[in-house]
Amino acid sequence: MTKLECKEIFEQLSEYLDRQLPADLCDQIDAHIEACPPCVRFVESLRKTMELCKDLKEEEKPAPLPDQAISDLRLAYQKFSRERNAEKGVLKNGREA
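Here our numbering is used: the first residue of the sequence shown is 330, the next is one more, and so on.
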């Protein structure tokens with residue numbers, strides 16, 4: 330099987346953390362995470378967040394965000410991502426960003 334990329338890992342993280350994936354795929358994800366410092370940090374953060382959320386009582390959970398707030402957050406993230414990539418000189422369409 331081919332080497333997994335970070336994006337593929339992120340797409341399956343929930344099932345991976347719940348061990349709902351086939352054992353061989355979990356092994357591949359384990360191997361990738363062990364060799365990828367950004368994925369290590371992300372998975373550790375996600376695990377900690379999941380543990381903290383388990384301890385929340387129903388009344389402690391915040392109300393859902395309004396649609397406009399979600400839209401604003403997405404736009405802010407996209408802007409941040411573009412700026413970060415531009416700072417790093419990430420290539421886009423074969424040209425420097």
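Quick reminder that beta carbons are idealized off the backbone N, C-alpha and C, glycines included.
Counting along the chain, where does the alpha helix (DSSP H) carrying residue i start and finish?
i, result
"A398", "396 to 417"
"Q355", "First, the residue type needs correcting, since residue 355 is Cys and not Gln in the sequence shown. Note, C355: alpha helix (DSSP H), 352 to 364."
"K336", "335 to 340"
For residue i versus residue j, is the C-beta spacing smaller than 8 Å?
i, j, result
"M379", "L354", "no"
Thinking residue i and residue j are a contact (beta carbons under 8 Å), I'd like their distance in whole angstroms, please.
i, j, result
"Q357", "L333", "5 Å"
Practice prompt. Answer yes if the segment 351 to 364 comes into contact with the segment 331 to 340, meaning at least three C-beta pairs across the two stretches below 8 Å, and no otherwise.
Written response: yes
Worksheet item: Should the segment 368 to 385 be regarded as contacting the segment 404 to 418, the criterion being three or more beta carbon pairs within less than 8 Å?
Response: no
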